[in-house]
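Residue numbers (UniProt numbering): 1 to 392.
Right, dumping it as structure tokens:
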């Protein structure tokens with residue numbers, strides 16, 4: 001079976017579904033309509049399916065040939081709290097919510113792979129598990145699939161992510177460390193209110209927050225090694241209630257990115273201590289809460305070799321990139337890779353002739369070159385077939 005030839009015939013199907021998801025994006029944990037559409041389409045294709053957690057969907061394709069292997073393919077389904085740039089025929093219909101990270105494309109690719117594999121199930125034995133995972137942006141969803149036991153005995157897991165920094169028609173597959181660990185923190189700083197004319201009578205939580213933001217960068221530049229990349233970023237600060245009063249409270253929301261479990265533990269500890277001590281220095285106090293989003297994403301060598309074999313079939317060897325630079329962005333596909341062998345690919349989606357497709361992920365004008373959907377879907381299907389046909 002020529003999987004890519006089959007998939008090219010599904011180009012309109014892929015575009016239709018990508019735009020369907022793009023126009024109706026849903027935030028992490030709220031992907032109810034998305035899950036309903038996916039489940040209905042799997043049932044229409046004759047693929048057995050069920051819900052995993054509230055908004056996850058599992059599909060199971062049973063091959064009719066010999067073999068009992070199991071392979072898993074995963075796509076994330078959630079969108080972001082981003083207001084999309086106006087003017088697109090297929091733009092978001094939901095104010096303040098946008099597929100700005102390509103998850104609409106990932107989901108369309110997995111549906112396309114499912115369709116072609118289901119239609120050609122006589123060509124292989126074993127099972128293909130289709131994981132439509134919600135909540136990736138907030139570190140959720142993967143654990144539901146892992147806890148459910150559906151992945152027990154699975155030989156490999158594969159997934160992909162749109163990569164606007166890579167040219168359309170290429171794909172990046174690198175063994176070992178690909179993405180950083182991601183942790184989110186929220187610091188609530190308590191001071192004491194006073195009139196702005198008598199600051200000594202209060203404790204300025206806004207000032208404490210500002211000093212903490214600056215102090216956190218000292219962890220990066222003076223307390224960690226330059227050869228061990230670390231990011232501490234504060235993306236949101238709120239404080240005070242009026243222009244002429246010392247702020248009694250402030251909140252910082254940010255993220256820590258590290259590339260090893262050891263630095264992850266130590267940088268989180270230093271971040272926690274720095275915020276609390278800064279608040280205490282100026283007469284306040286702080287409480288810091290943490291949310292673990294994803295561990296480091298580490299691809300397995302053998303699975304990457306198999307993924308590159310599949311990619312060579314679809315993209316041609318010269319277009320398969322093995323030395324993609326380390327990214328300090330995260331993805332909780334890493335949760336699966338801590339439990340079973342697998343590989344994550346980065347699908348080139350940037351086309352200079354279509355300027356929005358070279359915008360970064362999470363940008364209000366992010367888009368993808370829809371010509372990459374067919375090769376992306378074919379790659380997923382080829383990974384599954386190669387695993388199922390591999391001798392035990």
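All C-beta atoms in this analysis are idealised placements derived from N, C-alpha and C, irrespective of residue type, glycine included.
Please read these numbers as outputs of a predicted model, since none were measured by experiment.
What's the C-alpha gap between residue 288 and residue 354? The straight-line gap from Cα to Cα measures roughly 43 Å.
Provide the residue(s) that pair with residue 255 in DSSP beta bridges, ordered along the chain. Looking at the DSSP assignment, residue 255 forms a beta bridge with 184 and 233.
Does DSSP put residue 165 in a helix, in a strand, or in coil? Reduced to three states, the DSSP call for residue 165 is strand.
Considering only C-alpha positions, which residue in the set 311, 327 and 356 is nearest to residue 382? With distances taken between Cα atoms, residue 382 lies closest to 311.
Cβ-Cβ separation, residue 296 to residue 179 (assumed contact under 8 Å), whole Å: Confirmed, about 7 Å.
For residue 314 and residue 281, I'd like the C-alpha separation in whole angstroms. Computed Cα separation, rounded: 60 Å.
Could you work out which residue in 93, 203 and 113 is closest to residue 160 when comparing CA atoms only? Measuring from the Cα of residue 160, the nearest candidate turns out to be 113.
With a threshold of 16 other CB atoms inside 10 Å of the CB of residue 103, please say whether the residue is buried or exposed. Answer is buried; the Cβ neighbour count reaches 16.
For residue 343 versus residue 307, is the C-beta spacing smaller than 7 Å? Taking 7 Å as the Cβ cut-off, residue 343 and residue 307 qualify as a contacting pair.
Per DSSP, which residues does residue 74 bridge with? Please list them. Its beta-bridge partners are 131 and 159.
So, for residue 215: in the same chain, excluding its five sequence neighbours on each side, which residues have a beta-carbon less than 7 Å away from its beta-carbon? For residue 215, where only same-chain residues beyond five positions count, the Cβ hits under 7 Å are 274 and 278.
May I ask you to report which of helix, strand or coil DSSP gives residue 112? DSSP places residue 112 in helix when its eight states are reduced to three.
What three-state label does DSSP hand residue 195 in the structure shown? If DSSP states are grouped into helix, strand and coil, residue 195 belongs with the strands.
So the beta strand (DSSP E) residue 50 belongs to, where does it begin and stop? It spans 48-52 - the beta strand (DSSP E) in which residue 50 sits, taken as one unbroken run.
Using CA atoms only, rank isn't needed, just tell me which of 137, 252, 222 and 177 is closest to residue 208. Distances from the CA of residue 208 to each of 137, 252, 222 and 177 were compared; the closest alpha carbon is that of 252.
Cβ-based burial, residue 195 [other Cβ within 10 Å; buried from 16]: Residue 195 sits exposed, since fewer than 16 C-beta atoms from the chains shown fall within 10 Å of its C-beta.
Residue 291 - containing beta strand (DSSP E), residue span: Here the beta strand (DSSP E) through residue 291 covers 285-294.
Residue span of the beta strand (DSSP E) that contains residue 431, given as start and end: Residue 431 cannot be examined here, being either before or after the span of the chain that is shown, 1 to 392.
Taking three-plus beta-carbon pairs below 8 Å as touching, is the stretch 162-182 in contact with the stretch 84-91? Fewer than three Cβ pairs drawn from the stretch 162-182 and the stretch 84-91 lie within less than 8 Å of each other, which leaves the two stretches out of contact.
Look at residue 21 and residue 107 and say whether their C-beta atoms are less than 7 Å apart. By the CB criterion at 7 Å, residue 21 and residue 107 fall inside the cutoff.
What residues match up with residue 203 in a beta bridge as DSSP calls it? Beta-bridge partners of residue 203 (DSSP): 192.
For residue 238, write down the residues that DSSP places opposite it in a beta bridge. In DSSP, residue 238 forms a bridge with 251.
Return the residue from the list 36, 82 and 210 that minimises the CA-CA distance to residue 133. Out of 36, 82 and 210, the CA that lies nearest to the CA of residue 133 is found in 36.
Check residue 1 in the structure and name its three-state DSSP category. In this structure, residue 1 counts as coil in the three-state DSSP scheme.
What's the gap between the Cα of residue 6 and the Cα of residue 329? In a straight line, the C-alpha of residue 6 is about 33 Å away from that of residue 329.
Inter-residue CB distance, residue 73 and residue 380 (contact presumed, cutoff 8 Å): Right, the Cβ-Cβ distance comes to about 5 Å (below 8 Å), so this counts as a contact.
Taking C-alpha atoms, which residue in 384, 388, 373 and 80 lies nearest to residue 13? In terms of Cα proximity to residue 13, the closest of 384, 388, 373 and 80 is 373.
How is residue 15 classed by DSSP in three states: helix, strand or coil? Three-state result, residue 15: helix.
On the DSSP bridge list, what partners appear for residue 171? Residue pairing of residue 171 in beta bridges, as defined by DSSP: 320 and 347.
Is DSSP giving residue 304 helix, strand or coil here? In the displayed model, residue 304 falls within a helix according to three-state DSSP.
Where residue 263 and residue 228 are concerned, what is the direct C-alpha to C-alpha distance, given to the nearest angstrom? Cα to Cα, the separation comes out at about 8 Å.
Measure from the alpha carbon of residue 300 to the alpha carbon of each residue in 164, 43 and 335, then state which is nearest. Cα-wise, what sits closest to residue 300 is 335.
Expected contact under 8 Å - CB spacing of residue 349 and residue 193 to nearest Å: Actually they are not in contact, since the Cβ atoms of residue 349 and residue 193 sit about 50 Å apart, beyond 8 Å.
Give the DSSP-derived three-state secondary structure of residue 310 in the structure shown. Three-state DSSP puts residue 310 in a helix.
Whether residue 62 touches residue 127 by CB criterion (7 Å): Yes. Within cutoff.
Less than 7 Å separating the beta-carbons of residue 298 and residue 257? No, the pair does not count as a contact, with Cβ atoms beyond the cut-off.
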